[in-house]
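Taking this note's numbering, the leading residue of the sequence shown gets 44, the next gets one more, and so forth.
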Amino acid sequence: MYRYLLLYSIFSYRLIRTTWLCDAALFWSRERKLKNAAVKERSFRAECGAELWRKPGETVRLNPGSAALFPAERPPEHRRDSPTAPTDSQRGMRKRNPSPGAEQQHDAADRALLDGKQSSGGDGQWDKTMGRKLRRTGLMWRLRRIFLWVLGIYIAIPLIIKLFPAIQAKLVFLNFVRVPYFIDLKRPQDQGLNHTRNFYLQPEEGVNIGVWHTVPAVLWKEAQGKDGEWFEKSLQSTQPVMLYLHGNAGTRGGDHRVQLYKVLSSLGYHVVTFDYRGWGDSEGSPSERGMTQDALHLYQWLKQRIGRKSLYIWGHSLGTGVATNLVRRLCDRGTPPDAVILESPFTNIREEAKSHPFSMVYRYLPGFDWFFLDAITANDIRFASDENVNHISCPVLILHAEDDAVVPLHLGKKLYNIAAQSKSLNGHKVQFIPFPSSLGYRHKFIYRSPQLPHILSDFLGATHPRV
């Protein structure tokens, strides 16, 4: 622990020190420019003053700007030797009591110098250039402040997550992200699922979870206006059942999830899905244990109603971790499902968190595992699919898109290699189907593949409805 804190402190110190050095360089550069501007202005005014008090016959060398303002020969009435020239006492009064207009002119000249607006011959051009440089320096100061704020947040986030690991659990589940937001989960027909029933189950006391049951598309006319009893009896038909476990964020009414329900329903499946506790309109707080318990309760509820008909489990993204947890429990009890389908799976939550795009800015930070990954396991979140597949004794199908940026393809391949070498499969099939990047399926659009019905038919065999 202390080693990680030391490394992180050194890393933060170097970042702050580099920023401070850049800040100091900008500060001294600005001060030097201001000082040079002041020296230039004083020199200019000194030359102007020398011309005003020039003695008769005296020659004063002026720069081009001041020479333009003060000609070499002045009118006789302004010469010291002129009879109409002001006396010394009058000059002293003028010097001691300058007119307000003269002061305003000097102040305006000072401001114009800094703004780059004064233009008097060659010096005016120099003043414009100087003003532009000063404005650029001011912009750099504003950018510096923004950078310091970003740097402060960057350094603070790992410390906050380490001190409050519950934040990391929220980031894993993202159950507070409800997209689409304005949707009534009690009315699945609003999502185009007019042959779907919404109901609620209670896996534990004080926890109610929302469930959708979509019957096969061939029964949609018959399903209109039917009550819950009819939907439960329809499970006793010959069509197989697909239990769908969705990933993090959103609800069971997410757009890509609804589209998959429609595809599976058109293939002749009963599709049963639900929101884990803490998601959608389900009660309770999310946890890995609670999510697995919810899935197990719904699986047992289905088994009691379908008898010996085929029951498959489909998990997507984070739902693949729930699926392998569930299937491992069922296999340990000697009641495995007919098959498990894993869409965009990962090996375990630590490897997935390290590969997630959100971790990119911290991935190479000293102590990344200690700050971020240990905070996940501190919440008892593991989703160790790489361990679970060694205890699974049913067919396993893995679907993964090559352009998946959320769960990289190499994690799905790694899980497949572990499952293929597992001795617990007892000859059951393990298959890995990649989808090329050119198809653009990414993380959640594999349902668009026209080959999906044939892939399921080939893998599930005779128990699959005809395509």
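Using N, Cα and C, we set each Cβ at its ideal position, and we do this for glycine too. Bear in mind that the values here come from a model prediction, so they are computed numbers and not experimental data.
Taking 8 Å as the cut-off, the beta carbon of L385 is found closer than this to the beta carbon of I441. A contact is defined here as three or more CB-CB pairs under 8 Å, and the stretch 338-348 fails this definition with respect to the stretch 417-434.
In the DSSP assignment, W255 is bridged to N241 and T316. With a beta-carbon spacing of about 19 Å, H289 and V258 fall beyond the 8 Å limit used to define contacts. Contact between the stretch 467-487 and the stretch 432-440 is established, with three or more Cβ pairs separated by less than 8 Å.
A direct Cα-Cα distance of roughly 34 Å separates H497 from V220. The beta strand (DSSP E) runs lying completely inside the stretch 263-307 and spanning 3 residues or more are 284-288, given in chain order. The shortest C-alpha to C-alpha distance from S398 to any of D447, P201 and L186 is the one to D447.
In this structure, the beta-carbon distance from V215 to E326 does not fall below 8 Å. Here the alpha carbon of W273 sits roughly 42 Å from the alpha carbon of L454. When secondary structure is reduced to three states using DSSP, G333 falls in the helix class. Taking R491 as reference, the option from Q302, G311, Y224 and I349 with the minimal CA-CA separation is Q302. Take Q245, set aside five residues on each side of it, and the residues of its chain with a beta-carbon closer than 6 Å to its own are N251, in chain order. Going by beta carbons, F317 and G253 fall inside the 8 Å limit. When secondary structure is reduced to three states using DSSP, L310 falls in the coil class, being assigned neither helix nor strand. Ranked by Cα distance from D270, the options S309, F242 and Q282 are led by F242. When the five nearest sequence neighbours on each side are left out, the beta carbons in the same chain lying within less than 6 Å of the beta carbon of K487 are those of H299, in order along the chain.
In the DSSP annotation of this structure, the continuous segment of the beta strand (DSSP E) that includes Q474 starts and ends at V473 to F478. Considering only H359, R295, H256 and G293, the residue with the shortest C-alpha distance to L278 is H256. DSSP places V370 inside the alpha helix (DSSP H), whose first and last residues are L361 to D375. Taking each of V365, L458, L345 and K305 in turn and checking the Cα distance to Q234, the smallest one comes out for K305.
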